[in-house]
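Residue numbers (this note's numbering), protein chains in the order written: chain A, 93 to 161; chain B, 194 to 400. Below is one structure; the comments refer to it alone.
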Ligand SMILES: [Zn+2]
């Protein structure tokens, strides 16, 4: 059985659509039984979303900061 | 007449083709220059230079890689002109750092979590709060430099994994490990500083 360490690595690869079917199945089975890895899965998805959002908003943030300084 | 037709430059890159890469180039420039106008200028100069030199583009590297190469020159020109030390995050100044061995803190020797992710309360709501973004930025800046570079090129600039490897000199395997460690670190930082941290209530905000 793959460990949480290995599963989280596969979850990370999956975020970049680079995991294969076997790896995705292993992740799917593991997170059914493991709360922490299930949390890691949703949280790493959230972090990816936040990073994209941060990038979209960076221009506005910088313009606001420039006006303040 | 025939002669002049034949002398037309081969592989002339169209403006439209170049402009497709504008968003990625802009995000790349913005992360380094930290200023919208400067970033706009650098991208403009890059596209102009690329258009003028399009006959030199041999199609060996991908167009985007070639354009980023030109952009990097424009950015370092800027630093030289402004005649000061590079104070912001310079993608090219980074070599190695302490990003190795960090992953072991998150797991015990048997591969189980050491501590590990607790449940987060309403992450979607965090995205709407200004204070969250300040903390997100802090956490992102706290990543070791090389790790930050890899993460930003991929998730913020939007390069493909293989482009990030080319830009950073990482192997495929090292790229995956680095991205994974960056996520583990960001996750922990956000958990400690935001999700497990009591936040000011609405009333306090207005006070
Ligand atoms: Zn697990």
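Beta carbons: idealized from backbone N, C-alpha and C, even for Gly. Quantities reported herein were computed from a predicted structural model and do not represent experimental measurements.
{"Check": "Nearest to residue 94 (chain A) (by Cα), restricted to the options A:143, A:116, A:107", "Outcome": "A:116"}
{"Check": "Ranges of the alpha helix (DSSP H) found wholly within the stretch 299-368 of chain B, counting only runs of at least 4", "Outcome": "316-319, 323-334, 338-344, 354-361"}
{"Check": "Positions along the stretch 115-145 of chain A whose CB lies within less than 7 Å of some CB in chain B", "Outcome": "128, 131, 132, 135, 136, 138, 139, 140, 142, 143, 144, 145"}
{"Check": "For residue 125 (chain A), the first and last residue of its enclosing alpha helix (DSSP H)", "Outcome": "113-125"}
{"Check": "Minimum Cβ-Cβ distance from residue 380 (chain B) to chain A less than 8 Å", "Outcome": "yes"}
{"Check": "Which listed residue (B:362, B:300, B:346, B:387) has its alpha carbon closest to that of residue 327 (chain B)", "Outcome": "B:387"}
{"Check": "Proximity test, residue 376 (chain B) beta-carbon vs ligand 1 heavy atom, cut-off 7 Å", "Outcome": "no"}
{"Check": "Closer than 8 Å to chain B by CB, residue 111 (chain A)", "Outcome": "no"}
{"Check": "Three-pair Cβ contact test at 8 Å for the stretch 213-232 of chain B versus the stretch 307-326 of chain B", "Outcome": "no"}
{"Check": "Inter-residue spacing [alpha-carbon to alpha-carbon] between residue 390 (chain B) and residue 358 (chain B)", "Outcome": "36 Å"}
{"Check": "Buried versus exposed, by CB contacts within 10 Å (16 or more), residue 139 (chain A)", "Outcome": "buried"}
{"Check": "Rounded C-alpha distance that separates residue 331 (chain B) from residue 158 (chain A)", "Outcome": "18 Å"}
{"Check": "Rounded distance between the beta-carbons of residue 363 (chain B) and residue 343 (chain B), thought under 8 Å", "Outcome": "7 Å"}
{"Check": "Within-8 Å CB hit, residue 329 (chain B) to chain A", "Outcome": "yes"}
{"Check": "Within 9 Å of chain A by C-beta, residues of the stretch 313-343 of chain B in sequence order", "Outcome": "313, 316, 317, 319, 320, 325, 326, 329, 330, 333"}
{"Check": "Beta carbon proximity, residue 151 (chain A) to chain B, threshold 8 Å", "Outcome": "yes"}
{"Check": "Rounded separation between residue 106 (chain A) and residue 384 (chain B) - CA only", "Outcome": "22 Å"}
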